[in-house]
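Report on one structure; see the data block that follows.
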Amino acid sequence: MATVRDTTYDLLRELGLTTVFGNPGSTEEPFLKDFPADFHYVHALHEASAMAMADGYAQATGRPAHVNLHTAPGTGNGMGNLVTAWHNKTPLIVTAGQQTREMLLIEPRLTSRRPTELTQPYVKWSYEPARAQDIPAALMRAYATAVQPPTGPVFLSLPMDDWDRPANPPPQVRTVATRYAPDPERLRDFAAVLAASRSPVLVLGAAVDRADAWPAAVALAERLAAPVWSAPAPERAVFPEDHPHFRGVLPFAIGPLAEALRGHDTVLVVGAPVFRYYPHVPGKNYLPADARLLHVTEDPDESARAPVGESLLGDAGLALAALRDLLPATDRPAPAARPEPEPPAESSPPSADALFAALARHWPADGVLVQESPSNLSALRRRLRVTRPGSYFTMASGGLGFGLPAAVGIALAERDTGRGRPVVAVIGDGSFHYSVQALWTAARLRLPLPVVVPVNQQYAILKAFADLKHTPGVPALDLPGLDVVAVAHGYGCAAEVVDPLDRLGEAVGRALAADGPTVLPVPISTEVPRIL
1245 MATVRDTTYD
1255 LLRELGLTTV
1265 FGNPGSTEEP
1275 FLKDFPADFH
1285 YVHALHEASA
1295 MAMADGYAQA
1305 TGRPAHVNLH
1315 TAPGTGNGMG
1325 NLVTAWHNKT
1335 PLIVTAGQQT
1345 REMLLIEPRL
1355 TSRRPTELTQ
1365 PYVKWSYEPA
1375 RAQDIPAALM
1385 RAYATAVQPP
1395 TGPVFLSLPM
1405 DDWDRPANPP
1415 PQVRTVATRY
1425 APDPERLRDF
1435 AAVLAASRSP
1445 VLVLGAAVDR
1455 ADAWPAAVAL
1465 AERLAAPVWS
1475 APAPERAVFP
1485 EDHPHFRGVL
1495 PFAIGPLAEA
1505 LRGHDTVLVV
1515 GAPVFRYYPH
1525 VPGKNYLPAD
1535 ARLLHVTEDP
1545 DESARAPVGE
1555 SLLGDAGLAL
1565 AALRDLLPAT
1575 DRPAPAARPE
1585 PEPPAESSPP
1595 SADALFAALA
1605 RHWPADGVLV
1615 QESPSNLSAL
1625 RRRLRVTRPG
1635 SYFTMASGGL
1645 GFGLPAAVGI
1655 ALAERDTGRG
1665 RPVVAVIGDG
1675 SFHYSVQALW
1685 TAARLRLPLP
1695 VVVPVNQQYA
1705 ILKAFADLKH
1715 TPGVPALDLP
1725 GLDVVAVAHG
1735 YGCAAEVVDP
1745 LDRLGEAVGR
1755 ALAADGPTVL
1765 PVPISTEVPR
1775 IL
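Using my numbering, the first residue of the sequence shown is number 1245, and each one after it goes up by one.
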């Protein structure tokens, strides 16, 4: 007779979940025993790395991924990147072992005391099956929940003695909707407002990239002759950044954002929150005077918490295409292209601007950028313009430790899908150490992943925030004595310091042709950039 374990593995096969990210523990060994040859276990040295690798893999493949954690402590280790997965809207099936059912009453070691509460509120659904036989059906429900909009992680706590129990008949493998269209009447209302607008502007968010909707976004922008901004602090690139309509990324503070939109009477926000703010820099209002905001989102919570605007629920791509079809041509002139930035000033060590200008000159064709360098982000986005969909990934949460393991997951996805796009990570020397264990997995998988590390030996983003908020004397903002090359070698990676900067192109080229990851620390200026 089939066991719960047999039935579960058959279901995972049918759902395409044959890659498992994790760090094995005793409560997971009954599930992992005799691990099937047609499955791939991606071994991370820490659950935070496992979680972010799965997140990157899911985003790059466009399919959900499975993360297997170790009861309560392992789930706790992964929580920071689970928060990021929630904000990234990444469909993850997160499972964790639980102690033997027979002993749960007396709470033996490694019991997860309240497993369904532990991951709240950063999962869409959390469950511990009442019976062993319910595991496969619960997994089917978890999958259906994760992939329906708004997509996101789900969590199952699975007792370790359930796997050898006799199974019920397997659950029906169901297909579920992953997109929904906007209400036609409200869509027409939005189109009428845009058609009557004197000076409309588009603000686009990550859902545009997730929906493969760059062409629809370009078509609408050109039909409206409207400039296009990326919503603040975007986790994905949303529009071809070499297009003359593109203006850049909006500032993530109330006053400066409203100022950037001055002169526009209609603001159409598609696929982003309204808005993702960080420092509190108030203005007279959230928008310029007399401006009207129209908000298209697939997330009802995102709509409900918006401080201004009228909302329309629906898939970003379907909404953009429908609006374009409803709108008449305009006689407004197209906006002028934004000017190219001035060449960076020479200095020794070089500025972040100089580093990223050099990286842009040597950027690989069809390259994918994964970044986690908060203090240098403005310089990076200014110098390296993303021109293709699915080419830029970072964390939506603001929490560090995502970028390096996510780059490993994305590079693995590029291999597994056969696309083979080159992946380059830019990880600050502070961020680098949050999930540094991911380097070992990259080395074991022999992924040709260059990891460019701007080294300024400080948490420069926190110094910038301290300057903005007038909080001098904060301790622990410097990072002396870190040997990035030695750490990389310790995890089995190649590494070389890039100094002088004119060696960067050659070093990145070698790294992309290598048989494993290469860490490339680049000394840069310690000048603290402005946060806004």
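Each residue gets a CB set at the ideal place from its N, CA and C atoms; glycine is no exception.
Contact under 8 Å by Cβ, residue i with residue j
i	j	result
P1308	I1337	yes
A1497	Y1530	no
A1598	P1588	yes
G1322	L1313	yes
A1425	G1558	yes
A1751	V1763	no
G1515	A1451	yes
V1696	L1648	no
G1306	A1457	no
Q1681	L1276	no
S1679	A1298	no
L1683	A1732	yes
P1410	T1271	no
P1698	D1722	no
R1467	R1568	yes
A1316	R1357	yes
Y1371	T1363	no
A1269	G1341	Correcting the residue type first, residue 1269 is Gly in the shown sequence and not Ala. The answer is yes: Cβ separation under 8 Å.
P1523	L1706	no
L1556	A1550	no
V1652	L1613	no
S1769	P1585	no
V1417	L1255	yes
Close-in-space but distant-in-sequence residues of the same chain around residue i (CB under 6 Å, 5 per side omitted)
i	result
V1718	A1710
H1310	L1261, V1264, I1337
T1328	M1639, S1641, G1643, F1646
A1206	Nothing about residue 1206 can be read from this structure; the chain reaches only from 1245 to 1776.
V1630	A1481, E1485, Y1636
R1442	D1509
N1267	A1288, E1291, A1294
G1553	V1518, L1537, H1539
P1274	M1404, W1407
L1512	L1446, L1538
P1488	A1581
V1728	V1697, P1765
A1758	P1692
Pick from the options that is closest to residue i, judged by C-alpha positions
i	options	result
N1332	R1345, Q1303, L1313	Q1303
S1641	M1297, D1254, N1325	N1325
V1472	R1480, G1449, E1479, R1454	G1449
L1691	A1296, E1771, V1667	V1667
P1495	D1543, H1508, P1478	P1478
A1241	P1274, T1334, F1283	With the chain represented from 1245 up to 1776, any question about residue 1241 goes unanswered, as that position is not in the structure.
R1582	F1490, W1607, D1575, S1619	F1490
E1429	L1570, W1330, R1423, V1493	L1570
R1605	H1284, G1269, A1758, L1745	L1745
D1250	Q1343, N1412, T1360	N1412
P1526	S1591, W1330, L1712	L1712
R1385	L1259, G1662, A1669	L1259
L1656	H1284, L1256, F1279	H1284
A1602	R1747, D1433, Q1392	R1747
I1654	R1423, F1676, Q1615	Q1615
S1675	W1330, N1700, D1610	N1700
R1754	T1715, A1730, W1607	W1607
A1730	I1768, T1715, A1281, H1677	H1677
Same chain only: Cβ atoms within 7 Å of residue i, ignoring 5 sequence neighbours per side
i	result
F1600	A1623, L1624, R1627, L1628
D1453	R1480, A1481, V1482, P1633, G1634
G1318	N1267, G1269, E1291, A1340
Q1392	V1420, A1421, T1422
Contact set for residue i: own chain, Cβ-Cβ below 8 Å, skip 5 residues either direction
i	result
E1346	D1405
A1687	Y1735, G1736, C1737, G1760, P1761
P1773	A1596, S1619, N1620, S1622, A1623, A1704, A1708
G1507	S1443, P1532
Ignoring anything shorter than 3 residues, give me the beta strand (DSSP E) runs that lie fully in the stretch 1662-1732, in order along the chain. The beta strand (DSSP E) runs of length 3 or more contained entirely in the stretch 1662-1732 are, from start to end of the chain, 1667-1671, 1694-1699.
Suppose only complete runs of 4+ residues qualify. What are the alpha helix (DSSP H) ranges in the stretch 1277-1309, listed by chain order? As far as the stretch 1277-1309 is concerned, its whole alpha helix (DSSP H) runs of at least 4 residues are 1291-1305.
Scan the stretch 1458-1496 and note each continuous alpha helix (DSSP H) run of 4 residues or more that stays entirely inside, going in chain order. List check, alpha helix (DSSP H) in window: 1458-1468.
So, do the stretch 1375-1383 and the stretch 1394-1404 have three or more beta carbon pairs nearer to each other than 8 Å? As far as the Cβ criterion goes, the stretch 1375-1383 touches the stretch 1394-1404, which means the pair count is three or higher.
Quick check on the DSSP output: what are the complete alpha helix (DSSP H) runs of length 4 or more inside the stretch 1565-1630, in order along the chain? If only uninterrupted alpha helix (DSSP H) runs of at least 4 residues are considered, those enclosed by the stretch 1565-1630 are 1596-1605, 1621-1627.
Three or more C-beta pairs under 8 Å: does that hold for the stretch 1432-1440 against the stretch 1524-1544? Output reads yes: the stretch 1524-1544 touches the stretch 1432-1440.
Whole runs of the alpha helix (DSSP H) within the stretch 1305-1379, excluding any shorter than 4 residues: Runs found: 1315-1332, 1359-1362.
Uninterrupted alpha helix (DSSP H) stretches inside the stretch 1245-1274 (no shorter than 4 residues): Complete alpha helix (DSSP H) runs here, min 4: 1248-1258.
Can you give, in chain order, each stretch of the alpha helix (DSSP H) that sits fully within the stretch 1493-1524 and has at least 4 residues? Within the stretch 1493-1524, the complete alpha helix (DSSP H) runs of at least 4 residues are 1498-1504.
Entirely enclosed beta strand (DSSP E) segments - the stretch 1392-1465, minimum 3 residues: Whole beta strand (DSSP E) segments, 3+ residues: 1398-1403, 1444-1448.
At what residue ranges does the stretch 1734-1763 contain a whole run of the alpha helix (DSSP H), taking only runs of 4 or more? You should have 1748-1756.
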